[in-house]
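Protein chains in written order, with this note's numbering: chain A, 965 to 1769; chain B, 24 to 239. Where is the CB? At the ideal position from N, CA and C, for every residue including glycine. Predicted model, so just to flag it, every value in this text is computed and none were measured.
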Amino acid sequence: MTPGRSRLTTTTLWRIRAVWFALALVAVLYCVHRFSGPSPLETNLLALLPATEANPVAEKAVDQLANALGDRTVFLVSSRDADHAKAAARRLGAVLRKSGAFASVTAELPPFDITQIEALYMPYRFGLLTRDDRDALAGSSDGAASLRDRLMRRIYDPVRGPLAVQLAADPFGWLEHWLSGLPLATSNLDVEDNMLVARRGDITSVLVVTTLRGSAYESRVQRAVMSAVSQAEASLQSAWPDAYVARAGAVFYAESARRASEREVHLIGIASACGIALLMLWVFRSPRLLLLGFVSTALGIVGALAVTMAVFGKLHLLTLVFGASLIGEAVDYSIQYFVVYLGAPRDWDANDGARSVRPALSVALATSLLGYAILAWAPFPALKQIACFAMTGICVAFASVMWLLPALLANGPKPTQRRLFARAAALLAHWQRAIGAKRAWTVSLVLFALCVPGWLLLASDDNIHLLIHRDPALVAQENQVRDAVGIDNAAQFFVVQGASEEIVLERAEALGAKLDALSGDESVGGWQSVTQFVPSARRQAQDHALLAQRVFADPVALRATLLQAGFRDEIVGAWIDSFTQATPPPLTVERWLAARWSKPFSHLWLGAIEANGQRSYAAIVMPRRVSPQNLPALFATAHAMEGVAFVDKAASVSKLFGAYRIDSGMWLGGALLLVLMLMIARYRLCGGIATTLPVLLAIGVTLAAFGYAHVPLNLFNCLALMLVLGVGANYAVFLREGCRRDGADLGAVWTGVLLSAATTLLSFGMLSMSATPALKSFGATLTLGILVAVLLAPMGMPTVGRKHA
Amino acid sequence: MGALIRAALLALLFAANADVHAAAQSQRGNDNQALVSQVSSRLALMKGVRAQFVQTQTLAAMKEPLVSKGTLVFLRDRGVIWRMETPYAATFVITDSGVTEVDASGKSIRSAGSRGVRGVAQVSKMMRAMLGGDLSALYSQFEVDAQGTASDWTLDLKPNQPQLAQAIRGLHMTGGAFVRSLRIDLANGDVTRLEFTKIEAVDDLPPAERTLLGAP
């Protein structure tokens, strides 16, 4: 190369290199900065889920509840020997506490003054009636006589609980009934030796409850928790080999997901990088080209990483795993450029090379971008990120091939793989004769006929577990804890909202009444609601009015009844006075939340929620039993009431998967049409159709294969078909563009296409080994589709072997 | 609170089992210890008990003590049937699953008493747990002082846990082969006395009572 012939002066060369270096440095520094701070990885699996609730308050409620419960971790220490279980639980508590990984560890219950509960309600007692007492008072006709009867029952009642209220303050026991109606302990747990104990069969299980020091999704918290737990478990194992620990908590799922993803990223990243390196070395026989190829790919990946983190803030684990497989696709652009480079005559001009490969790469880039853009359209946060990541990655890779590689490949090629290219050319010619040209239509018809039965066998699957893949071992442990503790699933609940606290409480009370009315299979077997602790002001006023009307209307008779029963004069006077004295303001949620003992129930009250610029209040009502039998009734109940929504996130997500799976069929059709138009615009009608045919068949064959294999089709298979379209169309384009290029070595072009396909197959093939069903589906679909697309690519070549312009 | 403690204590005392020997070992004083273990092993011999009771509650709010009378049936493995005859008739069944009031035909009454059966069941569980599902818990919660002989004894129990002391000042029991009396002094000054008469050991119960206690 002589300086005069090159259009790139040495200064320009260095300037270009410097600009790229600076850009790369910025991206790398940004990534390093992000990864060295708090981990930018989003390990919260729920964050992968789309917003499913039409109602923004309900959506927020879901988040808030998940957060409230997210920092709790529960350990269940079980053994056939009760003493061992208790001792082991004490040790577990001690070791965990000592580790400092937890904000609190409760193995033995702290002393609790149960009178605090009574103290909260005492001032409001004339507004608090249980449903039974209310009904009894409202239904009693013979005033004094029935009051006397109740009084007798109350004072001679042999069974009173720890929440018993002094007779003097509560002669009729209304407050006592109210207190014993509180849902304080609706579980299988007993207190033994100050510990929470569940017994099933001959197994004794002891509960140890902890709260985390920070978010369950911070890797710092996760690491501390995991090391503390393994230390504690080891210590238990040696002292009480018969005791075993089951654990439950968001932190374990998050940690396990992070570990699995990191493993996959490493596996996919390293395996595909090594495979690609070997392939490229074998074909190009040049470490320099290999290095340049990786520079371009690395630029793409780093750029994608930086832009995605800058745009989204956090990086989903799915994005990271998918990103590792993008290597195979990003390297395609440089491979095409190297093919031109190696096929070039001795007087190589780097910029001419770039110019001659630009049309092919532009079309390829356009189709790939189209595929990913459709991915971004779906309302799934993870897919949007993956699309952003991929689009940035391939754009940067494309740009680096167009502008950076020419600046790095100023010198002409050495004599290369002429023999390999010649063999490839011969292979291509044979293969094209077999499937291309006039046979193309026959081959298409045969393939079509073969596919039809497969299509008819297609089934579908829209389960939420496609996206949320939980470690089965952890799920088993969680179920163990659930069974022992007797807490049902908290994934389905009602969100009650309103413009004021009072409206929310009134609506929750109305909802409770409707739930109580459900019977038989539809029954929910009770529910938890904030109204069990704090009735609405209206309800309190009604109860107060009921007492005024039925009990205190005739103070003289009331006094006589109490005196006759044996109460002291002054006690009777004080009690009646306490009612007639100024009515206190009603008990409020705020007042209840201020009491320390309300903590375990505070998640029932969501409080003020800002949504769409409007402030509203919300509470949660949790039905105890949700089953397929009563689900329709629960939805219907919510539907019939204003401000009430039934949230079943898993069902909503599955429904969304299904809807988008069907929609994605339409998008695929539209995208195919777009690609066809793009091809026709460039290659005229016949050429356009011929160039689109391979990828169309690839999609058809892939679908049929799923049918024959009885693998149900899910949304992610369908979305991957978009990428099959976007990526698979490239091969026919590369071949066709190769034929159009002046003096291009078709053998070299075919080699390049096969190499591109091999690298892509390698990395997407690795993706199909992911543990996440969504990524697995992606990988399997892409591998199959791309394989077919590249094999059929010669169909798209012009009929006459080599066409000169 | 007193009433339920009473029920739980009765169950505990009548149901004394071998655990007490181990637990009693930790008590100070050999005489004390020996007597307690003798008392509990004698009580443990009984499979069941039938007795008449007189309950006297001296409550601060009332002018006169409240007196009620009735019969009591206890079956070690199952629980207690508490039949009050005066001042009005009512039957309560106290088992592991909680406390229920039943009518003459043995059906449980839910609404009439409006006592929130579910709540009481929990309360009963909590109480049993607090005082101990087994006798050893009793000894970990109280200082036990025993006097007399195995055929005529007195037990004084003082809570040694501050939480329990908030509610109970102390328990006082007398008996021989059976418990004869029980006095509960609550922290608020209320006192409940129970006297048992016509005590007889029973090996088996009539079917109606077995059904009430949920026995096969």
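Minimum Cβ-Cβ distance from A1108 (chain A) to chain E less than 8 Å: Considering every chain present, this structure includes no chain E. Its protein chains are A and B.
CA nearest to the CA of G212 (chain B), picked from B:R106, B:D126, B:M85 and B:T123: B:M85
Contact list for M1116 (chain A) against chain B, beta-carbon separation under 7 Å: P110 and Y111
Under 7 Å from the C-beta of R1532 (chain A): neighbouring residues of chain B: A84, M85 and K86
Buried or exposed (CB count within 10 angstroms, at least 16 for buried), T1525 (chain A): buried
Residues that R216 (chain B) bridges to, as DSSP identifies them: B:T79 and B:R206
Close Cβ partners of I132 (chain B) (< 7 Å) along its chain, the five nearest in sequence each way excluded: E124, V125 and D126
Close-in-space but distant-in-sequence residues of the same chain around G1233 (chain A) (CB under 6 Å, 5 per side omitted): A1288
Neighbouring residues, chain B, relative to A1132 (chain A) (Cβ below 8 Å): A83 and A84
Cβ of I1119 (chain A) within 8 Å of any chain B Cβ: yes
Secondary structure, alpha helix (DSSP H): runs of 4+ residues fully inside the region 1427-1474 of chain A: 1436-1449
Cutoff 8 Å: I1081 (chain A) Cβ touching any chain B Cβ: no
First and last residue of the uninterrupted beta strand (DSSP E) at Y1581 (chain A): Q1578 to P1587
Residues sharing a beta bridge with M107 (chain B), DSSP: B:G93 and B:A113
Bounding residues of the beta strand (DSSP E) (the contiguous stretch that carries K181 (chain B)): D175 to P182
Alpha carbon of S1042 (chain A) to alpha carbon of L1739 (chain A), nearest angstrom: 37 Å
Contact belief for G1292 (chain A) with I1240 (chain A) at Cβ below 8 Å, rounded distance in angstroms: 7 Å
Anticipated Cβ contact below 8 Å, L1475 (chain A) with M1605 (chain A), distance rounded: 6 Å
Where the region 1530-1563 of chain A meets chain B: residues whose CB sits under 7 Å from a CB there: G1530, F1531, R1532 and I1535
Supposed contact pair E1701 (chain A) and A1324 (chain A) - C-beta distance, whole angstroms, cut 8 Å: 4 Å
From B:M107, B:T81, B:Q80 and B:N183, residue whose alpha carbon lies closest to that of G93 (chain B): B:M107
Those runs of the alpha helix (DSSP H) which lie wholly inside the region 1287-1330 of chain A and span at least 4 residues: 1291-1307
Closer than 8 Å to chain A by CB, L235 (chain B): no
Proximity below 8 Å, CB of V1770 (chain A) to CB of T1666 (chain A): Outside the shown range of chain A, which is 965 to 1769, sits residue 1770 (chain A), and nothing can be said about it.
Own chain partners of H1674 (chain A) with C-beta closer than 8 Å, once the 5 adjacent residues on each side are dropped: L1421 and A1423
Beta-carbon spacing of V1460 (chain A), G1607 (chain A) below 8 Å: yes
Neighbour list for L98 (chain B) in chain A, Cβ cutoff strictly below 8 Å: Per Cβ cutoff of 8 Å: no residues; L98 (chain B) is ~18 Å from chain A at best.
heavy atom of the ligand NAP below 7 Å from Q1444 (chain A) C-beta: No copy of the ligand NAP occurs in the structure displayed, which carries no ligand at all.
Identity of the residue in B:T220, B:L228 and B:L209 nearest Q189 (chain B) by Cα: B:L209
Cross-strand partners of Y994 (chain A) (DSSP beta bridge): Per DSSP, none; premise fails for Y994 (chain A).
From B:V96, B:V225, B:T220 and B:W176, residue whose alpha carbon lies closest to that of L235 (chain B): B:V96
7 Å Cβ shell around R1588 (chain A) - same chain, five flanking residues per side excluded: D1452, V1488, G1489, G1490 and W1491
Residue(s) in a DSSP beta bridge with D168 (chain B): B:D179
Local conformation of V72 (chain B) per DSSP, three classes: strand
Of the listed residues A:L1683, A:L1557 and A:E1574, nearest to H1567 (chain A) (C-alpha basis): A:L1557
Same chain, Cβ closer than 6 Å to S137 (chain B), five either side skipped, listed in chain order: Residue placement at S137 (chain B) cannot be trusted, given a pLDDT of 32 that sits under 50; what the coordinates show is reported in the next sentence. Taken in chain order, the list of residues that qualify is empty.
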